[in-house]
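**Student:** Same order as they appear, the protein sequences are chains A and B. Heads up, the first sequence is in this note's numbering, so the first residue is 2 and it goes up one at a time. Heads up, the second sequence is in this note's numbering, so the first residue is 2 and it goes up one at a time. Built from N, CA and C at the ideal position, the CB exists for glycine as well. All of these numbers come straight from a predicted model, not from anything done at the bench. Dropping a structure here in structure tokens format, bear with me for questions.
There are 2 protein chains.
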Amino acid sequence: MIYSSELIKGTLKTIVLKLLADNKKMYGYEITQKVKDLTLNKIQITEGALYPTLHALEADGLVTTESEFIGKRVRKYYTLSPSGKNKTKEKVSELADFMETMKFLLDIKTKTV
Amino acid sequence: MIYSSELIKGTLKTIVLKLLADNKKMYGYEITQKVKDLTLNKIQITEGALYPTLHALEADGLVTTESEFIGKRVRKYYTLSPSGKNKTKEKVSELADFMETMKFLLDIKTKTV
DNA sequence: TTAAATACATTAGTTTCTTATGTATCTTTG
DNA sequence: CAAAGATACATAAGAAACTAATGTATTTAA
């Protein structure tokens, strides 16, 4: 089962920031795979969604980049800037709060898989 | 504090369906107020978002409507159809599942490594 | 009597995604 | 060893789902 795409909307940026906070330094493709692995394939970030998001984070000064050559192929690493670290905390705690509110609103008690 | 609008994206339909499931019959303005009340003003549904959503639910056969006059003013009530009730269960349990996954994702550091 | 609240609705514009396409390299497998 | 699949970046057209603004009209409270 893959979550309907509308659910992912609005959480992608937070997911990316959190992964960077936990892993210091990651490249785009790695992020897509990590999310896929950690969520048992339930969340699959497409490249068309990820790269524009990464570029936006960079434009906002939340991440810095460094390119590295692996053989002849380039790999672009992303690292959180100080303001990116703050932003991550904000976004993560906002999402946590939001989920509590949603849980209450939807009267969700336990997971029903 | 009001949640950033991007967070609401994708959950609005589920919220509306769930409210209708719990209250049998509601009108648009009532829904905006109920959500505002229940979430202590943290979620404020705008009319520009709500009405198109309600119209879409109706177009999809998930709700039926009946208009009522209160004085000279019309009030449009929405009620879940049988397929709307099923859809509500699906959407709510999908969202519950999604929130479990997100909780795990946002808490990676303490759970893995 | 007038501002705020109630109650519906639409529309232009924005954001953020999907889907498709493009380029290129590296690795695995029949 | 050729071909398929995986790795790795990127962009672009179009769609979805909002926001913010605007519009109409009635009812209630100050």
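For K19 (chain B) and chain A, any beta-carbon pair shorter than 7 Å?
**Tutor:** Here residue 19 (chain B) refers to the residue found at position 18 when the second sequence is read from its first residue. Taking Cβ atoms only, chain A reaches closer than 7 Å to K19 (chain B), which makes this a yes.
**Student:** Step through the CB atoms of chain A and report whether any lies within less than 7 Å of the CB of Y4 (chain B).
**Tutor:** Within the second sequence, residue 4 (chain B) is the residue found at index 3, counting from 1. It does: the Cβ of Y4 (chain B) has a partner Cβ on chain A nearer than 7 Å.
**Student:** Could you tell me if K26 (chain B) is buried or exposed, where buried requires 16 or more neighbouring beta carbons within 10 angstroms of its beta carbon?
**Tutor:** Here residue 26 (chain B) corresponds to residue number 25 of the second sequence, with the count starting at 1. Exposed, because fewer than 16 other Cβ atoms sit within 10 Å of the Cβ of K26 (chain B).
**Student:** Less than 7 Å between CB atoms is the rule here; does E93 (chain A) satisfy it with respect to chain B?
**Tutor:** Within the first sequence, the letter at position 92 stands for residue 93 (chain A). Reading the sequence as shown, one finds Val at residue 93 (chain A) and not Glu. By this cut-off, V93 (chain A) is an interface position.
**Student:** Relative to chain A, which residues along the stretch 72 to 102 of chain B have a C-beta separation below 8 Å, given in chain order?
**Tutor:** V93, S94, E95, L96, A97, D98, F99, M100, E101, T102
**Student:** Can you have a look at T113 (chain B) and say buried or exposed, based on whether 16 or more other CB atoms are within 10 angstroms of its CB?
**Tutor:** Translated into the one-based positions of the second sequence, residue 113 (chain B) becomes position 112. In this prediction, T113 (chain B) has a pLDDT of 46, which is less than 50 and means its spatial position is unreliable; nothing more can be read from the coordinates.
**Student:** Along the chain, where does the alpha helix (DSSP H) that runs through Y52 (chain B) open and close?
**Tutor:** Indexing the second sequence from 1 puts residue 52 (chain B) at position 51. 48 to 60 is the extent of the alpha helix (DSSP H) around Y52 (chain B).
**Student:** Name the chain B residues whose beta carbon is nearer than 8 Å to that of L107 (chain A)?
**Tutor:** Here residue 107 (chain A) refers to the residue found at position 106 when the first sequence is read from its first residue. Those within 8 Å of L107 (chain A) in chain B are T15, I16, K19, V93, L96, A97.
**Student:** Taking T54 (chain A) as the reference, give the member of A:Y4, A:I32, A:D108 with the closest Cα.
**Tutor:** Counting from 1 along the first sequence, the entry for residue 54 (chain A) is found at position 53. It is A:I32.
**Student:** Classify T47 (chain B): buried if its beta carbon has 16 or more other beta carbons within 10 angstroms, exposed otherwise.
**Tutor:** The count along the second sequence starts at 1 and reaches residue 47 (chain B) at position 46. T47 (chain B) should be labelled exposed.
**Student:** So, is the C-beta of G49 (chain B) closer than 7 Å to a C-beta in chain A?
**Tutor:** Your numbering for residue 49 (chain B) matches position 48 in the second sequence. Answer no: the Cβ-Cβ gap between G49 (chain B) and chain A never drops below 7 Å.
**Student:** Just mark I44 (chain A) as buried or exposed, buried being the case when its beta carbon has 16 or more other beta carbons within 10 Å.
**Tutor:** The residue labelled residue 44 (chain A) in the question sits at position 43 within the first sequence. When all chains shown are included, I44 (chain A) counts as buried.
**Student:** So L96 (chain B) and L8 (chain A) are supposed to be a Cβ contact under 8 Å. How far apart are they, rounded?
**Tutor:** For this step, residue 96 (chain B) is matched to residue 95 along the second sequence. For this step, residue 8 (chain A) is matched to residue 7 along the first sequence. Indeed they touch by this definition, with Cβ atoms about 7 Å apart.
**Student:** Report the neighbours of T40 (chain A) on chain B: residues whose CB is nearer than 7 Å to its CB, in chain order.
**Tutor:** Against the first sequence, residue 40 (chain A) aligns to sequence position 39. Ordered by position in chain B, the residues that pass the 7 Å Cβ test against T40 (chain A) are T102, L106.
**Student:** Comparing the C-beta of L8 (chain A) with each C-beta of chain B, is any distance below 7 Å?
**Tutor:** For the purposes of this step, residue 8 (chain A) is identified with residue 7 of the first sequence, where counting begins at 1. Cβ-Cβ to chain B under 7 Å: yes for L8 (chain A).
**Student:** Taking only beta-carbon positions, decide if G11 (chain B) is within less than 7 Å of chain A.
**Tutor:** The sequence position of residue 11 (chain B) within the second sequence is 10, counting from 1. Chain A contact via Cβ: present.
**Student:** State the DSSP-derived secondary structure class of K86 (chain A), mapped to helix, strand or coil.
**Tutor:** Residue numbering aside, residue 86 (chain A) sits at position 85 when the first sequence is read from its first letter. Of the three classes helix, strand and coil, the one that applies to K86 (chain A) here is helix, per DSSP.
**Student:** Take every Cβ of the stretch 54 to 63 of chain A, pair it with every Cβ of the stretch 33 to 42 of chain A, and state whether three or more of those distances are shorter than 8 Å.
**Tutor:** no
**Student:** Closer than 8 Å by C-beta to L20 (chain A): which residues in its own chain qualify, once you throw out the five before and the five after it? Chain order, please.
**Tutor:** For the purposes of this step, residue 20 (chain A) is taken as the residue at position 19 of the first sequence. If we look at L20 (chain A) and ignore the five residues flanking it on each side, its Cβ neighbours are M27, I32, K35, V36.
**Student:** Output, in chain order, the set of chain A residues within a Cβ distance shorter than 9 Å of K43 (chain B).
**Tutor:** For the purposes of this step, residue 43 (chain B) is taken as residue 42 along the second sequence, with counting starting at 1. Residues of chain A passing the Cβ test: D98, F99, T102.
**Student:** Tell me the rounded alpha-carbon separation between L13 (chain B) and D98 (chain B).
**Tutor:** As a position in the second sequence, residue 13 (chain B) is number 12, starting the count at 1. As a position in the second sequence, residue 98 (chain B) is number 97, starting the count at 1. Rounded to the nearest angstrom, the two C-alpha atoms are 17 Å apart.
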